[in-house]
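A.B. asks: Under my numbering, the very last position in the sequence shown is 215; numbers go up by exactly one each time. Here a beta-carbon is modelled for each residue, glycine too, at the ideal position from N, C-alpha and C. Fair warning: this is a prediction, and the values are worked out from it, not measured in the lab.
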Amino acid sequence: MPHAIIETAISCPHCDEPVPLNGPWEAVHCDHCQSDIDVPREFWADMLRSVLKDLPELEPGTGNNSTIFGTFRQTLLAGNLVPYCLACKTDFDPATMNPTMGSKACPKCGKSYIVTAAPEWLTELLPQVEYFMNAVLIDTSGEDSDKTADRPVVFTCPQCGGALKIDGSTRMVPCKFCNVDVYLPDDLWLRLHPAKKKERWFVVFNDTPLPEED
Ligand SMILES: [Zn+2]
Ligand SMILES: [Zn+2]
Ligand SMILES: [Zn+2]
């Protein structure tokens, strides 16, 4: 079964900051400007189709880095690699894995990875996609943006110097001393809401041949 490692990010169309895509997400939250970005299904089908098409030209264990100018400005690392443990580099045998397992534990170090079947919308567009490892299917990072910080942070009101207690639930904090509304600076806000990191994930394809192109 053909298999590939993927690491990819797009530039946010609103603020130009890189936004990682750690799975075939139909929507992604930009942690920098807090906008929600729709990712078309065809974007994923086109990208994974071209990854699959290029695989036979890649020596096992090698990959390509590219920058793609399409729906988004996208950086893509795609490699001809079997799923492996990202912690200890032990290779997994794709034949011992299937999407109904839910997870796969590394036989050497025990680290567990999620294994997920390709969503139906994707297999309808690209029936060659079988399953993913270490990919999450939905970006949930935007949903907990109103989650409060574990420990309150103290920030000084720029107008009166009063101590503001920040819990991360809102970016606009009223100062109880001088009543001004204080908009929290980027570095503080990002400390309370860390931006998601780029993850490597794997896609395993079935052996259905790709249709010939004219
Ligand atoms: Zn943005
Ligand atoms: Zn391991
Ligand atoms: Zn104040």
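#1: How should A136 be labelled, buried or exposed, when 16 other C-beta atoms within 10 angstroms of its C-beta is the threshold for buried?
#2: According to DSSP, simplified to helix, strand and coil, what is L217?
#3: Please classify E202 as buried or exposed, where buried requires at least 16 neighbouring CB atoms within 10 angstroms.
#4: At 3 residues or longer, what runs of the beta strand (DSSP E) sit wholly inside the stretch 69-106?
#5: Who sits around ligand 2, taking every residue whose Cβ is closer than 6 Å to one of its heavy atoms?
#6: Answer with yes or no whether the minimum CB distance from C179 to chain C is below 8 Å.
#7: Compute the Euclidean distance between the alpha carbons of L185 and M173, then round it to the nearest angstrom.
#8: Whole angstroms is fine: what's the gap from P153's alpha carbon to L191's?
#9: When DSSP labels each residue in this structure, what does F206 get in the three-state scheme?
#10: Ligand 1 and S142: does the residue's C-beta get closer than 7 Å to at least one heavy atom of that ligand?
#11: Do you know offhand how far V20's Cα is from I69's?
#12: Would you kindly work out how many angstroms separate the C-alpha atoms of N66 and C179, rounded to a whole number?
#13: Measuring only from the beta carbon, is F178 closer than 7 Å to any heavy atom that is part of ligand 3?
#14: Please tell me whether, using a cut-off of 7 Å, the distance from the CB of S104 to the nearest non-hydrogen atom of ligand 1 is below it.
#15: Smallest Cα separation from H4: which of M48, C107, F206?
#16: Do H33 and ligand 5 come close, with the Cβ less than 7 Å from some heavy atom?
#17: Please report the distance separating the alpha-carbon of L87 from that of P159.
#18: Along the chain, where does the alpha helix (DSSP H) that runs through D182 open and close?
#19: Tell me the rounded alpha-carbon separation between P212 and D55.
#20: Beta carbon of G80, beta carbon of L49: below 8 Å?
#21: Within a Cβ cutoff of 7 Å, which residues of the same chain sit near E8, ignoring the five residues on either side of it in sequence?
C.D. replies: Let me spell this out:
#1: The residue in question, A136, is buried, as its Cβ has 16 or more Cβ neighbours within 10 Å.
#2: Outside the modelled stretch of the chain, which goes from 2 to 215, sits residue 217, for which no answer is possible.
#3: Checking the displayed sequence, the identity of residue 202 turns out to be Trp instead of Glu. Buried, because 16 or more other Cβ atoms sit within 10 Å of the Cβ of W202.
#4: Whole beta strand (DSSP E) segments, 3+ residues: 74-80, 104-106.
#5: With 6 Å as the limit between CB and the heavy atoms of ligand 2, the residues that fall short of it are C86, A88, C89, T91, C107, K109, C110, K112.
#6: Given the protein chain composition of this structure (a single chain), no chain C is represented.
#7: Roughly 6 Å between the two C-alpha positions.
#8: In this structure, the alpha-carbon of P153 lies about 14 Å from that of L191.
#9: For F206, the three-state secondary structure derived from DSSP is strand.
#10: Every heavy atom of ligand 1 is 7 Å or more from the Cβ of S142, so no.
#11: Take the alpha-carbon of V20 and the one of I69: they are about 14 Å apart.
#12: Distance between the alpha carbons of N66 and C179: 53 Å.
#13: Yes, ligand 3 has a heavy atom inside 7 Å of this Cβ.
#14: It does not: the Cβ of S104 is nowhere closer than 7 Å to a heavy atom of ligand 1.
#15: Out of M48, C107, F206, F206 has the C-alpha closest to the C-alpha of H4.
#16: Of the ligands this structure carries, namely ligand 1, ligand 2 and ligand 3, none is ligand 5.
#17: Distance between the alpha carbons of L87 and P159: 44 Å.
#18: Counting along the chain, D182 sits inside no alpha helix (DSSP H); it lies in the beta strand (DSSP E) bounded by residues 182-184.
#19: Taking the CA atoms as reference points, P212 sits about 14 Å from D55.
#20: In this structure, G80 lies away from L49, with their beta-carbon atoms at least 8 Å apart.
#21: Counting only Cβ-Cβ distances below 7 Å, and skipping sequence neighbours, we find L78, K199, R201.
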